[in-house]
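Residue numbers (our numbering), protein chains in the order written: chain A, 1 to 291; chain B, 1 to 252; chain C, 1 to 334.
Just so you know, even glycine gets a beta-carbon here, dropped at the ideal spot from N, CA and C.
Since we're looking at a predicted model, the values are computed, not measured.
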């Protein structure tokens with residue numbers, strides 16, 4: 001471009017500068033607009049939830065329709081049971097698949113599994129519920145905590161697989177070689193050295209998957225189905241916190257609406273606890289002392 | 001006591017590319033043998049064939065005869081067992097990051113089922129003394145992680161770890177190239193000492209190191225063993241012109 | 001040459017050595033390696049089997065409905081369980097409209113947030129802002145729904161819908177009684193739920209654009225916005241489109257929050273104030289009460305359609321996102 005010292009350098013036009021500023025303001029406005037509902041949701045959860053939270057809520061089962069009082073104790077326990085079942089199924093399979101992909105699956109077949117895991121991740125939760133219904137509820141003839149656990153396990157697996165694979169790939173090959181050089185068998189190396197080195201990252205992935213499914217409702221609608229009473233049996237319909245919040249929220253009873261807020265508050269607190277536990281574990285660091 | 005290694009007609013490939021051509025060599029027991037040569041000449045590949053680490057790389061294979069004492073390395077023994085009798089120290093120190101110093105040294109034994117704690121303590125102490133690291137870490141054995149040591153200390157830790165399983169041969173693949181001169185000096189002293197109990201094969205791109213540390217030297221070029229003789233002879237009156245050119249710095 | 005100084009030699013503990021050697025020589029079965037590999041392979045194959053099962057169940061259990069109604073199933077409007085007449089058009093309509101409405105609201109916001117966080121925000125603010133928008137993604141759907149029923153819907157009923165009806169009613173989109181519950185509420189709550197995904201993928205994609213691109217534009221004397229527009233957004237176009245499509249995928253499959261505020265009536269109306277029904281909602285509401293085989297089969301067929309659409313949308317989105325981020329350095333497995 002010809003550059004002559006005779007030509008005065010014109011300042012950026014007012015128009016361009018104003019557009020620039022306007023866009024910045026608009027973007028900042030977008031941020032505020034997005035954070036508003038977040039703030040509002042948490043504010044209402046705390047405000048309305050705490051109001052309805054009391055010792056009875058945490059220890060009692062629901063009272064019959066119309067009566068005041070009662071609680072969601074059975075729902076909290078039910079959620080715990082369902083999540084336990086889901087974890088027992090989903091965590092080992094997810095980690096196993098992740099180990100396969102990282103250590104043995106650097107090939108086309110592994111790509112197929114990776115792709116399929118992503119597909120699985122995108123299946124709508126209600127559809128997972130249909131499938132769990134088909135393979136567990138229909139086979140058994142009744143709703144059950146097991147069916148709910150299976151549905152949630154299906155949703156946990158892709159997240160855990162992905163996280164495990166990523167973390168294992170981060171372990172330097174030199175570490176594995178060090179173990180091979182000592183005459184350690186490959187399976188033992190993978191188990192005791194590689195997995196151990198990647199463990200905190202894998203635990204993070206597992207907890208994130210856990211936190212994600214802990215709040216799920218749709219897959220439980222016709223698998224665990226819900227229950228007004230205590231249930232510890234794997235093969236019976238079971239209450240779940242998220243289900244209970246849903247049922248109460250859409251009911252016409254004010255009392256139940258109050259309790260729905262309390263249940264929601266407990267649910268979000270448990271999820272936040274799980275995610276915070278993740279940060280604590282991850283903070284312990286997998287590669288202590290190395291850069 | 002160490003044993004010698006007899007290599008006969010060893011060939012190695014990475015996929016379709018041949019990396020080693022018909023190597024035959026006698027590594028004498030209880031001495032240090034240096035393997036020298038320019039980059040890419042196959043020194044590391046050769047040494048990794050001795051303990052069958054070469055085959056851990058996908059699409060890599062080796063053929064030929066390697067005998068260590070009474071053992072045929074490639075025929076009839078599991079690679080895992082070979083590697084318990086031929087130890088290896090790598091170019092970049094690679095201690096296990098999630099383990100303490102103690103656990104690092106004991107790793108080779110523990111992972112192979114050895115459980116007696118009293119004996120483990122003795123073996124760990126002995127190995128760390130052998131690798132001249134004991135005095136520096138004896139108070140923080142279980143508290144500090146292997147990765148929190150300095151580079152030179154980490155490499156000595158890796159040497160201790162390799163020695164703990166009491167191999168007969170110790171392979172060292174450019175063990176000092178990532179270290180500062182002082183650490184290098186300490187490790188060279190170590191090698192001198194270790195020779196009495198083990199047979200050592202050390203790959204080095206540093207010719208001065210070879211002449212300091214090894215009684216025998218093998219010169220590799222383009223995947224072939226050009227010359228193998230006593231170190232003094234290689235460095236003063238080499239038989240092959242190519243060796244002489246490399247020694248005098250005409251290439252490499 | 002002067003030799004290195006000898007170091008003190010430790011005592012040899014012979015018995016321990018012999019025992020160590022003996023133990024080390026034992027047990028070197030290759031069988032365990034094979035068993036382990038097989039077990040891991042089984043886990044990987046399980047993932048494949050799972051998806052195969054999903055497809056199988058959805059297809060076989062919807063076949064009844066498929067044979068009864070054929071393709072037309074998705075274009076008929078009659079949803080009459082009593083007379084066993086099923087048509088899914090209202091649900092398709094509801095799903096599409098609510099999702100598009102959600103995107104119209106969410107995409108500008110998400111882009112604004114993403115651009116602000118990556119390009120405009122002061123360094124100390126970036127982390128907290130990113131964290132809080134990710135927090136939005138962690139809130140369960142049912143809690144969004146709860147808040148929507150008791151906070152959003154009254155707001156709509158009392159303030160927003162009368163306002164929209166008065167000034168924009170002529171468009172036909174804001175007619176009818178402002179109950180609050182309806183398509184508009186569903187669209188808004190969906191938008192809130194979709195913003196975090198679109199914004200976080202957009203951030204990833206924007207960050208993947210190389211620094212050289214930005215500097216090239218700045219060096220020509222562009223303002224920051226102009227740099228963002230031509231140096232960043234233009235290059236990240238495909239990825240941003242991918243992020244939007246991913247958001248679409250999420251909106252299509254979203255069940256609980258929508259069910260709670262959309263009104264659940266299989267009707268088609270132009271006005272956004274009217275109640276509607278989505279594919280996910282009808283399954284959620286009616287599945288456990290489905291009395292006949294055809295009824296259930298019709299619902300499964302809706303689920304199958306939802307599954308297929310979501311899969312295609314997600315794959316498309318991932319291809320688009322990958323096309324921009326593939327320049328990123330591969331993670332080490334040295």
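For the options 189(B), 166(B), 187(B), 181(B), the alpha carbon positioned closest to that of residue 183(A) is the one of 166(B). Judged by DSSP in its simplified three-state form, residue 227(C) adopts helix.
Residue pairing from DSSP places residue 62(A) in a beta bridge opposite 70(A). Contact between residue 324(C) and residue 236(C) holds, since their C-beta atoms are separated by about 6 angstroms, short of 8 angstroms. Proximity to residue 174(C) across 273(C), 69(C), 35(C) peaks at 273(C), based on C-alpha coordinates. The DSSP-derived three-state label of residue 232(A) is coil. Here the alpha carbons of residue 223(C) and residue 221(B) stand approximately 59 angstroms from one another.
In the three-state scheme derived from DSSP, where H, G and I count as helix and E and B as strand, residue 45(B) is classed as helix.
Residue 160(B) has its alpha-carbon roughly 16 angstroms from the corresponding atom of residue 201(B).
Between the alpha carbons of residue 253(C) and residue 71(C) lies a gap of roughly 21 angstroms. Note on the region 114-166 of chain A: whole alpha helix (DSSP H) runs with a minimum of 4 residues are 125-132, in chain order. Listed by position along chain B, the residues whose Cβ is nearer than 9 angstroms to that of residue 251(A) form an empty set, because the closest Cβ is around 51 angstroms away.
Only residues of its own chain outside the window of five on either side were considered, and among them 68, 71, 167, 168, 169 have a CB closer than 8 angstroms to the CB of residue 85(B), listed in chain order. Between residue 151(A) and residue 57(C), the C-beta gap is not smaller than 8 angstroms, which leaves the two residues out of contact.
Shown in chain order are the members of the region 133-147 of chain C whose Cβ falls below 7 angstroms from a Cβ of chain A: 133, 135, 136, 138, 139, 140, 141, 142, 143, 145, 146, 147. Sorting 220(C), 155(C), 146(C), 99(C) by C-alpha distance to the C-alpha of residue 251(A) places 146(C) at the top.
For a Cβ distance threshold of 8 angstroms, residue set 94, 96, 97 of chain B lies close to residue 175(A), ordered along the chain. Put simply, of 146(A), 38(A), 236(A) the residue whose alpha carbon is nearest the alpha carbon of residue 134(C) is 38(A). For the options 151(B), 127(B), 234(B), 240(B), the alpha carbon positioned closest to that of residue 198(B) is the one of 127(B). Here residue 150(C) is near residue 257(A), since their CB atoms are less than 8 angstroms apart. Between residue 278(C) and residue 81(C), the C-beta gap is not smaller than 8 angstroms, which leaves the two residues out of contact.
With the rule of 3 Cβ pairs closer than 8 angstroms, the region 198-210 of chain C counts as touching the region 236-251 of chain C. Cβ-Cβ distances below 7 angstroms link residue 245(C) to 313, 316, 317, 320 in the same chain, with the five nearest sequence neighbours on each side left out; the list follows chain order. Residue pairing by DSSP puts residue 172(B) in a beta bridge opposite 89(B), 202(B). By the Cβ test, the region 158-170 of chain A is in contact with the region 95-114 of chain A, since at least three Cβ pairs between them sit closer than 8 angstroms. Annotation: the continuous beta strand (DSSP E) that includes residue 11(B) extends over 5-14. Listed in chain order, the positions of the region 18-51 of chain B with a beta carbon within less than 8 angstroms of a beta carbon of chain A are 51.
By the beta-carbon neighbour count (other beta carbons within 10 angstroms, threshold 16), residue 196(B) is exposed. Under the DSSP definition of a beta bridge, residue 25(B) partners with 7(B). Residue pairing by DSSP places residue 211(C) in no beta bridge whatsoever. In the DSSP assignment, the residues bridged to residue 224(B) are 221(B).
In this structure, the beta-carbon distance from residue 187(A) to residue 33(C) falls below 8 angstroms. The beta carbon of residue 213(B) sits closer than 6 angstroms to those of 32, 188, 191, all from its chain and outside the five residues before and after it, given in chain order.
The region 175-192 of chain C makes no contact with the region 73-93 of chain A, as fewer than three CB pairs between them are under 8 angstroms. Under the Cβ distance rule, residue 124(C) does not count among the residues neighbouring chain A, no pair being separated by less than 8 angstroms. Using a CB distance below 8 angstroms, the part of the region 50-66 of chain C facing chain A consists of 50, 51, 53, 54, 57, 58, 61, ordered along the chain.
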